[in-house]
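The structure under discussion appears below in the form of structure tokens.
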Amino acid sequence: ITTLMLHLLSLLSLLSLDVNAFEVPFPSSASEIRSSVVVSSPIADPSGLPLPVTQQLPLGSGTKAEVISCLPPPKPTGGGDGDDLFSALFGSLLATENKKEKSKKYDKPVLAFLHGSFHASWCWSEKYMPYFASLGYPCVALSLQGTGGTPVVEEGAKKVKIASHVADLDAFLRGLSDGDHDDNTLGLELGYDPQIALIGHSFGGLTIMKWLEQYYGEDNNNNNNNNDDTIDRRRNINLAGVALACSVPPSGNGPMTMRFLRRSIRDSWKITAGFVLKRAITDKSNCRDLFFGGTTEDDDNGISDEDVERYQSYFERDTVATIDLGDLAKRLPSAKADVRSGKAPFCDRLPSKSLVIAARGDFVVDEEGSRESAAYLNLESPVFVDSPHDVMLGKKWKNGADAILEWVQSW
Numbered sequence: 192i193t194t195l196m197l198h199l200l201s202l203l204s205l206l207s208l209d210v211n212a213f214e215v216p217f218p219s220s221a222s223e224i225r226s227s228v229v230v231s232s233p234i235a236d237p238s239g240l241p242l243p244v245t246q247q248l249p250l251g252s253g254t255k256a257e258v259i260s261c262l263p264p265p266k267p268t269g270g271g272d273g274d275d276l277f278s279a280l281f282g283s284l285l286a287t288e289n290k291k292e293k294s295k296k297y298d299k300p301v302l303a304f305l306h307g308s309f310h311a312s313w314c315w316s317e318k319y320m321p322y323f324a325s326l327g328y329p330c331v332a333l334s335l336q337g338t339g340g341t342p343v344v345e346e347g348a349k350k351v352k353i354a355s356h357v358a359d360l361d362a363f364l365r366g367l368s369d370g371d372h373d374d375n376t377l378g379l380e381l382g383y384d385p386q387i388a389l390i391g392h393s394f395g396g397l398t399i400m401k402w403l404e405q406y407y408g409e410d411n412n413n414n415n416n417n418n419d420d421t422i423d424r425r426r427n428i429n430l431a432g433v434a435l436a437c438s439v440p441p442s443g444n445g446p447m448t449m450r451f452l453r454r455s456i457r458d459s460w461k462i463t464a465g466f467v468l469k470r471a472i473t474d475k476s477n478c479r480d481l482f483f484g485g486t487t488e489d490d491d492n493g494i495s496d497e498d499v500e501r502y503q504s505y506f507e508r509d510t511v512a513t514i515d516l517g518d519l520a521k522r523l524p525s526a527k528a529d530v531r532s533g534k535a536p537f538c539d540r541l542p543s544k545s546l547v548i549a550a551r552g553d554f555v556v557d558e559e560g561s562r563e564s565a566a567y568l569n570l571e572s573p574v575f576v577d578s579p580h581d582v583m584l585g586k587k588w589k590n591g592a593d594a595i596l597e598w599v600q601s602w
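In the numbering used here, the protein residues as written are 192 to 602.
Right, dumping it as structure tokens:
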């Protein structure tokens, strides 16, 4: 009783202090503000949807990365009359429950999004993140090196190796936990050891495959799978499931490009010109063909010419440095896949909850490519949706979102 009275007196004394004692020095620059402010609860727009928040945060890999978060209100931690109020005030003295359960902020898994070429985390923030956050799913998205919000570590570099993207993704996922044993937490207040549903689009999907290869596959030939290094590497990544949408397949773009050449030289040229020559940044028609489908005269898929111009400005900003395809060709995920089945060598280690989405109107990734990705994750088939390549944008965005929602709700 004496201890409780002392704590109560301490609480009352805090309430009597001048509020100026709690003022925080204002950051001296916009960049300092962006890198230091951590939003623990979202702001809602007039429609009631949580608003995404963009920050630039230091990853444990050494990269200062753009991160967008869109968080629903955290679950209540207690409060009410009588015993509930007493527990809320003095829970630290009386609680005996597990620390992990006490610090669990959300009942639903965190959706962690990874973009593809020409894009950055913004592509998830327009539709998907507010939608899923409104349903109670915390959402976060990482911008990879070479995009406008995440400068390359090697100053002046125009190419980024896949290993750098994998290292940044690993650091990002580890940083999502608020565990006090990890100095590299991003401080997003997602709770201790949150469940993570990892979702990648296009080249982001292939980056996830390479991360899975490192995270699981390297231990297949290691007789001591429980060594300290392995345990430390897996700490703070509570991976609950993996989803790939319109993903570049494990064999990369090479075989797929040859298939396009056999089917249509014209379409193959559009893809080459759009990505290699970056025509998608300057040519509206090419941009629509590759990413959004339709035309302004026919069906624009809800993407106006103004939208195309805006997205093209983003594409230009987010192609400061692109993935090193020569380096990638030497270390494609398919190199370690089973020759007959196409399965990844670590399939038995993957969470049972995997998903591959294929878009029927995809101009960039063909059906064979999506089926190859499904086989890699030991799935019988992709889930087909009515959408162009950019499943997260345009008026058909909800088709892909519903496939993801059904996936996470099935857990």
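For every residue, glycine included, the Cβ atom is placed at its ideal position computed from N, Cα and C. Given the structure is predicted, the values throughout are model-derived calculations rather than measurements.
Exercise for review: Determine contact between the stretch 390-402 and the stretch 375-382, defined as no fewer than three beta-carbon pairs at a distance below 8 angstroms.
Suggested key: At 8 angstroms Cβ cutoff, the stretches do not touch.
Review point. Can you tell me whether residue 479 is buried or exposed, with buried defined as 16 or more other CB within 10 angstroms of its CB?
Key: On the sequence shown, residue 479 is found 288 positions in, with the first residue counted as 1. Counting Cβ neighbours within 10 Å, residue 479 comes out buried, since at least 16 surround it.
Point to revise | Buried versus exposed, by CB contacts within 10 Å (16 or more), residue 602 | key: As a first step, residue 602 is located in the sequence shown; it is residue number 411 there, counting from the start. Counting the other CB atoms within 10 Å of its CB gives residue 602 a total below 16, which places it among the exposed residues.
Review point. Going by DSSP, which residues form a beta bridge with residue 392?
Key: For this step, residue 392 is matched to residue 201 along the sequence shown. Among the bridge pairs identified by DSSP, residue 392 is matched with 436.
Point to revise | Residues near residue 328 in its chain [Cβ-Cβ closer than 6 angstroms; skip 5 each side] | key: Taking the sequence shown and counting its residues from 1, the one referred to as residue 328 is at position 137. Excluding positions up to five away in sequence, the list reads 299 and 302.
Review point. Can we count residue 241 as close to the ligand NAP, meaning its CB is less than 7 angstroms from some heavy atom?
Key: The ligand NAP is not part of this structure, which contains no ligands at all.
Check your understanding: By the 10 Å Cβ neighbour count, where 16 or more other Cβ atoms means buried, how is residue 349 classified, buried or exposed?
Key -> For the purposes of this step, residue 349 is taken as residue 158 along the sequence shown, with counting starting at 1. With fewer than 16 other Cβ atoms within 10 Å, it is exposed.
Review point. Tell me which same chain residues have a C-beta within less than 7 angstroms of the C-beta of residue 550, skipping the five on either side of it?
Key: Reading the sequence shown from its first residue, position 359 is the one you call residue 550. Cβ within range, chain order: 437, 576, 578, 579, 580 and 582.
Point to revise | Opening and closing residue of the beta strand (DSSP E) in which residue 257 lies | key: The sequence position of residue 257 within the sequence shown is 66, counting from 1. Segment 255-261, the beta strand (DSSP E) holding residue 257.
Check your understanding: From this set, 257, 499, 324 and 586, which residue's C-alpha is nearest residue 336's C-alpha?
Key -> The residue you call residue 336 lines up with position 145 of the sequence shown. Closest option to residue 336, judged by alpha-carbon separation, among 257, 499, 324 and 586: 257.
Review point. What is the residue span of the beta strand (DSSP E) that residue 545 lies within?
Key: Start at 1 with the first residue of the sequence shown, and residue 545 comes out as number 354. It spans 545-550 - the beta strand (DSSP E) in which residue 545 sits, taken as one unbroken run.
Practice item. Using three-state DSSP, classify residue 352 as helix, strand or coil. Key: The residue given as residue 352 occupies position 161 in the sequence shown. Three-state DSSP puts residue 352 in coil, outside helix and strand.
Exercise for review: Round the Cβ separation of residue 567 and residue 535 to the nearest angstrom and send it over; I've been treating them as touching at under 8 angstroms.
Suggested key: Walking along the sequence shown from the start, residue 567 turns up at place 376. Walking along the sequence shown from the start, residue 535 turns up at place 344. Rounded to the nearest angstrom, the Cβ distance from residue 567 to residue 535 is 5 angstroms, consistent with a contact under 8 angstroms.
Practice item. Would you grab the beta carbon distance between residue 340 and residue 511 for me? Rounded to a whole angstrom, and I think it's under 8 angstroms. Key: Here the question's residue 340 lines up with position 149 in the sequence shown. Here the question's residue 511 lines up with position 320 in the sequence shown. That belief does not hold up - the Cβ atoms of residue 340 and residue 511 are roughly 10 angstroms apart, past 8 angstroms.
Exercise for review: Alpha carbon to alpha carbon, how far is residue 266 from residue 273? Give it in angstroms, no decimals.
Suggested key: Here residue 273 corresponds to residue number 82 of the sequence shown, with the count starting at 1. Here residue 266 corresponds to residue number 75 of the sequence shown, with the count starting at 1. Residue placement at residue 273 is flagged as unreliable, the pLDDT there being 48, under the threshold of 50; the coordinate-derived value follows with that caveat. Their Cα atoms are separated by approximately 20 angstroms.
Check your understanding: For residue 507, which residues of its own chain have a beta-carbon under 6 angstroms away from its beta-carbon, when the five flanking residues on both sides are left out?
Key -> Residue 507 sits at position 316 when you count from the first residue of the sequence shown. For residue 507, where only same-chain residues beyond five positions count, the Cβ hits under 6 angstroms are 472.
Check your understanding: Can you find at least 3 beta carbon pairs, one from the stretch 243-263 and one from the stretch 352-366, that sit closer than 8 angstroms?
Key -> Between the stretch 243-263 and the stretch 352-366, the count of C-beta pairs closer than 8 angstroms reaches three or more; the two stretches touch.
Review point. Can you tell me whether DSSP reads residue 318 as helix, strand or coil?
Key: For the purposes of this step, residue 318 is taken as the residue at position 127 of the sequence shown. Coil.
Exercise for review: Taking all protein chains shown into account, decide if residue 399 is buried (16 or more other Cβ within 10 angstroms of its Cβ) or exposed.
Suggested key: Taking the first residue of the sequence shown as 1, we reach residue 399 at position 208. By the neighbour-count rule (16 or more Cβ atoms within 10 Å), residue 399 is buried.
Exercise for review: May I ask you to report which of helix, strand or coil DSSP gives residue 412?
Suggested key: Working through the sequence shown from its first residue, we reach residue 412 at position 221. Its pLDDT being 46, under 50, residue 412 is placed unreliably by the model, and the measurement read from it follows with that caveat. Coil, per DSSP.
Point to revise | Whole-angstrom distance between residue 243 and residue 261, CA atom to CA atom | key: As a first step, residue 261 is located in the sequence shown; it is residue number 70 there, counting from the start. As a first step, residue 243 is located in the sequence shown; it is residue number 52 there, counting from the start. Each residue's alpha carbon lies about 4 angstroms from the other.
**Study point:** N-terminal and C-terminal residue of the beta strand (DSSP E) that residue 478 is part of
**Key:** Working through the sequence shown from its first residue, we reach residue 478 at position 287. Where residue 478 is concerned, there is no enclosing beta strand (DSSP E), although the alpha helix (DSSP H) around it starts and stops at 475-478.
Practice item. Could you tell me which of 402, 308 and 259 sits nearest to residue 465, measuring between CA atoms? Key: Numbered from its first residue, the sequence shown carries residue 465 at position 274. Measuring from the Cα of residue 465, the nearest candidate turns out to be 308.
Point to revise | Distance between residue 457 and residue 316 (C-alpha atoms, nearest Å) | key: For the purposes of this step, residue 316 is taken as the residue at position 125 of the sequence shown. For the purposes of this step, residue 457 is taken as the residue at position 266 of the sequence shown. About 33 angstroms.
Check your understanding: How about residue 548 and residue 594: are their beta carbons less than 8 angstroms apart?
Key -> Walking along the sequence shown from the start, residue 548 turns up at place 357. Walking along the sequence shown from the start, residue 594 turns up at place 403. Going by C-beta atoms, residue 548 is nearer than 8 angstroms to residue 594.
Check your understanding: In or out: residue 556 buried (at least 16 other Cβ within 10 Å) or exposed?
Key -> On the sequence shown, residue 556 is found 365 positions in, with the first residue counted as 1. In summary, residue 556 is buried, with 16 or more beta-carbon neighbours lying within 10 Å of its beta-carbon over all protein chains present.
Check your understanding: In chain order, what residues of the same chain have a beta carbon less than 6 angstroms from the beta carbon of residue 259, not counting five sequence neighbours either side?
Key -> Position 68 of the sequence shown, counting from 1, holds the residue named residue 259. Hits under 6 angstroms: 243, 245, 312, 316 and 332.
Exercise for review: Work out the CA separation of residue 496 and residue 530 for me, nearest whole Å.
Suggested key: Numbered from 1 along the sequence shown, position 339 holds the residue referred to as residue 530. Numbered from 1 along the sequence shown, position 305 holds the residue referred to as residue 496. Rounded to the nearest angstrom, the gap between the Cα atoms of residue 530 and residue 496 is 45 angstroms.
Check your understanding: So residue 524 and residue 401 are in contact, right, with Cβ under 8 angstroms, and what is the actual spacing, rounded?
Key -> Stepping through the sequence shown from its first residue, residue 524 is reached at position 333. Stepping through the sequence shown from its first residue, residue 401 is reached at position 210. Approximately 6 angstroms separates the beta-carbon atoms of residue 524 and residue 401; this is inside 8 angstroms, confirming the contact.
Practice item. For chain B, find out if any of its Cβ atoms is closer than 8 angstroms to the Cβ of residue 343; answer yes or no. Key: Reference to chain B is not applicable here, since this structure consists of a single protein chain.
Exercise for review: Tell me whether the beta-carbon of residue 439 lies closer than 8 angstroms to the beta-carbon of residue 396.
Suggested key: The count along the sequence shown starts at 1 and reaches residue 439 at position 248. The count along the sequence shown starts at 1 and reaches residue 396 at position 205. Cβ atoms of residue 439 and residue 396: closer than 8 angstroms.
Check your understanding: When the distance is taken between beta carbons, is residue 403 closer than 8 angstroms to residue 635?
Key -> Residue 635 lies beyond the residue range present for the chain, which begins at 192 and ends at 602; the question has no answer from this structure.
Practice item. Take residue 240 as the anchor and find which of 320, 587, 552 and 504 has the nearest alpha-carbon. Key: Numbered from 1 along the sequence shown, position 49 holds the residue referred to as residue 240. For residue 240, the closest alpha carbon among the candidates 320, 587, 552 and 504 is that of 320.
Check your understanding: Roughly how many whole angstroms lie between the Cα atoms of residue 326 and residue 596?
Key -> Position 135 of the sequence shown holds residue 326. Position 405 of the sequence shown holds residue 596. Rounded to the nearest angstrom, the two C-alpha atoms are 10 angstroms apart.
Practice item. State the start and end residues of the unbroken alpha helix (DSSP H) segment that holds residue 304. Key: Sequence index remark: in the sequence shown, residue 304 carries index 113 (1-based). From DSSP, residue 304 is part of no alpha helix (DSSP H) but of the beta strand (DSSP E) over 301-305.
**Study point:** Extent of the continuous beta strand (DSSP E) to which residue 452 belongs
**Key:** Position 261 of the sequence shown, counted from the first residue, corresponds to residue 452. Residue 452 -> not in any beta strand (DSSP E); alpha helix (DSSP H) instead, spanning 445-454.
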